[in-house]
Amino acid sequence: MDWLINLFQTQDSVAHIVLLYSIVIALGVYLGKIKIGGISLGVTFVLFVGILAGHINFTGPRPVLNFLQDFGLILFVFMIGLQVGPGFFESFGKGGLKLNILSSVAILLNILMMFACYYIFFDTSNSSNLPMMVGTLYGAVTNTPGLGAATEALHSVFKDNMNFDIANGYACAYPLGVVGIIGATIAVRYICKVNLQEENDKLMEEEGENPNAKPHIMSLKVANAYIAGRTLQEISGFLNRDIVCTRINKKGDISVPNRDTILESDDEVIIVSAEGDAKAIQAFIGPEIEVDWHEEDQPKKMVSKRIIVTNSAMNGKTLAKMHFSSVYGVNVTRISRQGMDLFASRNHHFNVGDRIMVVGPEENVNRVAELMGNSEKRLNTPNIATIFIGIIVGILFGSLPLTIPHMPVPLKLGLAGGPLIIAILIGRFGYRMHLVTYTTTSANMMLREFGLALFLASVGIKAGAGFWDTVVQGDGLKYVYTGFLITIVPILIVGTIARMKYKFNYFTIMGMLAGTYTDPPALAYANSICNGEAPAIGYSTVYPLSMFLRIFTAQIIVLFFCGM
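By the numbering used here, the letter at position 548 of the sequence shown is numbered 548, and the numbering carries on one by one without gaps.
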């Protein structure tokens, strides 16, 4: 039995360290799946198991713990950046700007509430109280990357002289933070006297009028004499709407049209458009008809085929510049990305991983499939070079010192901020540098969860030694109720303003608040009571900027205030 005892006690052995992390992560993940009141803590429970392990002195060498913590954080935030990058700048479009402003106000209120609680409830002469409140802040808003950024900034300020660990404050505030976000969102509903059924009905009406809805396919007969003798390009210009004509039947001759194809009266066409434009297009061109387009006696066999973009040379090219109809004799009617259908507009940029619907003669469609790659096997091959190139640039960028007056050390974006910003830029503009940023959703989630688990396990193990003295025998209860105030007060203020002043749909507000707090359980609750996609849209609109601000402000708070 000595070999087993040595395995658990010899802290500097590789086997001991692997065993330590495997036990902490596995047990934390399984316990995190337990639901109480329909809510679970998920992978964050790894932190609590790590604290327990550290408390009973089941730990490892400090340098190893520090390395695994920082590497896990880098991997986690970089994969988040790649995920949010493609939609980061687009999130400031119509409607999104107001939501992002409201989200930023909520983040600012979280910080102001933290300082208010610090000066009201804590001894300001104790140098460890403010850093602990920073940990409480990020537990209250359930934002683990912010905790990582603050921890890394604290190390840069205090070097090896840290006699506190902000993970204790985070651990105290996190459980009530998860509950408080959902509870405060429900409170907004009653404050604003929201009727859920009426909100669902309004949402359905708005989605029906949304011009950016899913693609709509219809067979029409040309009955408008004004457009007879005009080309498809001219007709599209008259309509001032994006349309794609996939097939045309001229007196029994079925073909794939291009922009120069001339329409005549009584021609039969298949038109693909945005769902909200369908009625206007039908009224302009002619009535909808029922036609069997699969004629077996046609000289050219017409097919519709889903093609996957896997050729990296296609990355970033626009649909208009590909000239599919004029050069290849086919049309692209629909595009799917990450499970969502997109209308095939001329300005659409192709990304590796897009799935496109191509219509035309079978021979031509196969030629396009060869051009685009269409290799599922190639798509499943991970592009890890892009990830590590991005991490290299991110670390260099995060290490650039920016000297600011009255700051104890130069401002740096650090191991969290640098990789995050570079990942966002690569995710959005990587195609211009011929970098393939596509990863399957499962691969992205796997790397994110792996990095997060390493980070949380390391933080918990290191914090465990002082947890009892700091929390149980110290100010633990204060961290709990101040964290709860930090959670709910900004939600009540911003949620009410969003509803009463800006008249946002309640479900959009729920999604916006969940995205501001980067809290998936709150989004899951919103989705469970909504019949539409409003919560998910609100969440995804503010999530990229919120994640960036949470990480960036964590370092600003530490460098400006904790180091003074």
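We put the beta carbon where it would ideally sit given N, CA and C, even for glycine.
Values in this document were obtained by computation on a predicted structure and should not be read as measured data.
Host alpha helix (DSSP H) of Cys117 (start-end): Gly96 to Phe121 is the extent of the alpha helix (DSSP H) around Cys117.
Residues near Trp3 by beta carbon distance below 8 Å, same chain, minus five either side: none
Cys172 - DSSP class collapsed to helix/strand/coil: helix
Environment of Val14 [buried if 16+ CB atoms lie within 10 Å]: exposed
Option in Glu152, Leu147, Phe67 and Asn6 with minimal Cα separation from Gly414: Glu152
Sub-9 Å separation of Ala646 and Ala554 beta-carbons: This structure cannot speak to residue 646, because the chain is shown only from 1 to 564.
DSSP-derived helix/strand/coil call for Leu220: Three-state DSSP puts Leu220 in a strand.
Closest residue to Ile181 among Gly28, Lys279 and Met512 (Cα-Cα distance): Met512
Pairwise C-alpha distance: Leu73 and Phe115: 26 Å
Thr246 - containing alpha helix (DSSP H), residue span: Element bounds for Thr246: not the alpha helix (DSSP H) but the beta strand (DSSP E), Ile243 to Lys250.
Sub-9 Å separation of Tyr525 and Met510 beta-carbons: One thing to note: Tyr525 has its Cβ within 9 Å of the Cβ of Met510.
Pick from Gly85, Leu137, Phe122 and Ile551 that is closest to Gly427, judged by C-alpha positions: Gly85
Whole-angstrom C-beta distance between Ala171 and Ile34, which should lie under 8 Å: With a Cβ gap of about 17 Å, Ile34 and Ala171 do not count as contacting.
Cβ neighbour criterion (16 or more within 10 Å) applied to Ile565: No answer is possible for residue 565: it lies beyond the span of the chain, which begins at 1 and ends at 564.
Closer than 9 Å to chain B by CB, Thr231: Absent here is chain B; the protein component of the structure consists of one chain.
Reference Leu82; option with closest CA among Phe467, Gly430, Asp469 and Gly237: Gly430
Length of the line joining the Cα atoms of Val558 and Val77: 19 Å
When Ile461, Met445, Pro131 and Thr496 are compared against Val46, the one with the closest alpha-carbon: Ile461
Contacts around Asn444, its chain only, beta-carbon distance under 8 Å, and the 5 residues preceding and following it disregarded: Counting only Cβ-Cβ distances below 8 Å, and skipping sequence neighbours, we find Met79, Leu82 and Gln83.
Contact between the region 478-485 and the region 106-122 (3+ Cβ pairs under 8 Å): yes
Where Ile56 falls, given that 16 or more other Cβ within 10 Å makes a residue buried: exposed
Counted within 10 angstroms of its Cβ, other Cβ atoms place Ser325 as buried (16 or more) or exposed: buried
Helix, strand or coil at Gly373 according to DSSP, with G and I counted as helix: strand
Met547 - containing alpha helix (DSSP H), residue span: Ala534 to Ile557
Environment of Gly237 [buried if 16+ CB atoms lie within 10 Å]: exposed
Whole-angstrom distance between Phe48 and Lys305, CA atom to CA atom: 50 Å
CA-to-CA distance, Asn331 to Met322, given in whole angstroms: 11 Å
Burial state of Leu7, where buried means 16 or more other Cβ atoms lie within 10 Å: exposed
Sequence-distant residues of its chain with Cβ nearer than 8 Å to Thr10 (five each side left out): His16
Simplified DSSP state of Arg306, which is helix, strand or coil: In this structure, Arg306 counts as strand in the three-state DSSP scheme.
Among Asn240, Val291 and Phe284, nearest to Arg247 - alpha-carbon criterion: The residue with the shortest Cα to Cα distance from Arg247 is Val291.
Distance CB(Met132)-CB(Ile166) smaller than 9 Å: yes
Simplified DSSP state of Glu290, which is helix, strand or coil: coil
Neighbour-count burial assignment, Ile289, 16 or more Cβ in a 10 Å radius: exposed
Residues bridged to Asp253 (per DSSP): Lys250
Contact check, Gly418 vs Leu396, beta carbons under 9 Å: Contact: yes.
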